[in-house]
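Just so we're aligned: the sequence shown equals residues 748 to 1015 in this note's numbering. Quick reminder that beta carbons are idealized off the backbone N, C-alpha and C, glycines included. Take a look at the structure set out below.
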Amino acid sequence: MADITLINDAIDYFVENDPANKLPDGMKIFENPLLGFVDAGDPIFREFKKEEVVGPLFNLPEEWLPGAKTVISYFLPFSEHVRTSNYGGPPTSVEWLHARFLGEQFNQSVRKFLLGELEKLGGEAVVPALEDNYFADYDKFSSNWSERHIAFAAGLGSFGLNRGLITEKGLAGRFGSLITSLYFPPSVRSEGGVFENCPYYADKSCSACAKRCPSGAIRKEGKNKAACNRYTRVEDHMHEIRLQFEYDHSVCGKCQVNVPCEDRIPGR
Ligand code: SF4
Ligand code: SF4
748 MADITLINDA
758 IDYFVENDPA
768 NKLPDGMKIF
778 ENPLLGFVDA
788 GDPIFREFKK
798 EEVVGPLFNL
808 PEEWLPGAKT
818 VISYFLPFSE
828 HVRTSNYGGP
838 PTSVEWLHAR
848 FLGEQFNQSV
858 RKFLLGELEK
868 LGGEAVVPAL
878 EDNYFADYDK
888 FSSNWSERHI
898 AFAAGLGSFG
908 LNRGLITEKG
918 LAGRFGSLIT
928 SLYFPPSVRS
938 EGGVFENCPY
948 YADKSCSACA
958 KRCPSGAIRK
968 EGKNKAACNR
978 YTRVEDHMHE
988 IRLQFEYDHS
998 VCGKCQVNVP
1008 CEDRIPGR
């Protein structure tokens, strides 16, 4: 059995010390991460192949890595500086824009770093998001892996009305995952259901994300991905500024900040 503490300490050290975890203004993008582990053979992965979950193109862990034993998921929470920068508006803050793109670039480094750590421990490992056959098509809403669903499977949290994954450090941040041939004991997944941490589903006492959404994309049935995509990728409301930095599309994130689930589970 591999030692969870080694991986935990390694990712903490990397996130705290790597110089790429910084915005152009020198402030930190991410705080220390959360880690979760799930058995690669957990039946939940077959559920993800259903049309209404991730979809039939979702690849099982053993389809990425034959002999897979564990899937590791992590959450990188955005720093307070990044989160509070986007409290007002629209428009989206420039800090949030950088945090989305430079943050995902850093997230790729975290994935590669963990891959190396698992190999040092003597295991094989695959990062779906780094594989040539990985895809996430934002126009067709189709993908063969889903970081948020993996995080749910690994016990990191549950979904909110805005379809973010609400962890004990909230939902504003980025997720990543790896599949390994090493065995790590699985984290405990709550039995409270897929929406356990969002009060909207308990008693409708919160719908703050819907009120903050500038495109009307968050409705009682959840997030309308097409409306959100239209706002960020078709209307491209940050067109000029994002071109200055050569970023691919506009971003928003208003539903992730200045809301009760921004950096915690509401009520806790
Ligand atoms: S803002 Fe409120 S309703 Fe929206 S996801 Fe967060 S907790 Fe749920
Ligand atoms: S990212 Fe923006 S447009 Fe998309 S759902 Fe959230 S608040 Fe609405």
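Fill in: DSSP state of Tyr-948 mapped onto helix, strand, coil
Working through the sequence shown from its first residue, we reach residue 948 at position 201. The answer is helix: DSSP assigns Tyr-948 an H, G or I state.
Worksheet item: Taking one C-beta from the segment 887-900 and one from the segment 828-847 each time, how about it: are there three or more such pairs within less than 8 Å?
Response: no
Practice prompt. In the DSSP assignment, find the alpha helix (DSSP H) that holds Pro-808 and state where it starts and stops.
Written response: Working through the sequence shown from its first residue, we reach residue 808 at position 61. From DSSP, the alpha helix (DSSP H) with Pro-808 extends over 808-811.
Practice prompt. Give the single residue among Phe-899, Glu-851, Gly-870, Ser-937 whose Cα lies nearest to the Cα of Val-998.
Written response: Locating residue 998 in the sequence shown gives position 251, counting from the first residue. Comparing Cα-Cα distances from Val-998 to each of Phe-899, Glu-851, Gly-870, Ser-937, the minimum goes to Glu-851.
Worksheet item: When you compare only the Cα positions, how much space is there between Asp-995 and Thr-927?
Response: The residue given as residue 995 occupies position 248 in the sequence shown. The residue given as residue 927 occupies position 180 in the sequence shown. Between Asp-995 and Thr-927, the C-alpha separation is close to 31 Å.
Fill in: Distance cut-off 8 Å: Ile-913 Cβ against heavy atoms of ligand 2
Here residue 913 refers to the residue found at position 166 of the sequence shown. It does not: the Cβ of Ile-913 is nowhere closer than 8 Å to a heavy atom of ligand 2.
Discussion item. According to DSSP, is Arg-966 part of a helix, a strand, or is it coil?
Written reply: Counted from its first residue, the sequence shown places residue 966 at position 219. Of the three classes helix, strand and coil, the one that applies to Arg-966 here is strand, per DSSP.
Discussion item. Please give the ranges of any alpha helix (DSSP H) in the segment 819-859, keeping only runs that are unbroken, at least 4 residues long and fully inside the region.
Written reply: 827-832
Fill in: 6 Å CB neighbourhood of Tyr-821 in its chain, flanking five on each side removed
Mapped onto the sequence shown, residue 821 falls at position 74. Here the set comprises Pro-780, Leu-782, Gly-923.
Worksheet item: Between Leu-753 and the rest of its own chain, which residues show a CB-CB distance below 8 Å, the 5 nearest in sequence each way excluded?
Response: Residue mapping note: residue 753 aligns to position 6 of the sequence shown, counting from 1. Taken in chain order, the residues that qualify are Glu-864, Leu-868.
Worksheet item: When every heavy atom of ligand 2 is checked, does at least one fall within less than 8 Å of the C-beta of Thr-752?
Response: As a working note, residue 752 is residue 5 in the sequence shown. No, the beta carbon of Thr-752 sits no closer than 8 Å to any heavy atom of ligand 2.
Worksheet item: Mind checking Tyr-760: buried by the 16 CB within 10 Å criterion, or exposed?
Response: As a working note, residue 760 is residue 13 in the sequence shown. Exposed: under 16 other Cβ atoms inside 10 Å.
Worksheet entry | 6 Å Cβ shell around Ala-749 - same chain, five flanking residues per side excluded | Translated into positions along the sequence shown, residue 749 becomes position 2. Hits under 6 Å: Leu-868, Leu-929, Phe-931.
Worksheet item: Helix, strand or coil: which one does DSSP assign to Ala-757?
Response: Taking the first residue of the sequence shown as position 1, residue 757 is located at position 10. Here Ala-757 sits in helix by DSSP.
Worksheet item: DSSP on Leu-862, reduced to helix/strand/coil?
Response: Locating residue 862 in the sequence shown gives position 115, where the first residue counts as 1. Correct three-state label for Leu-862: helix.
Item to complete: Would you check if the segment 969-984 and the segment 932-939 touch, i.e. whether three or more CB-CB distances between them fall below 8 Å?
Response: no
Discussion item. I need the straight-line Cα distance from Ala-955 to Val-1006, nearest angstrom please.
Written reply: Walking along the sequence shown from the start, residue 955 turns up at place 208. Walking along the sequence shown from the start, residue 1006 turns up at place 259. Cα to Cα, Ala-955 sits roughly 6 Å from Val-1006.
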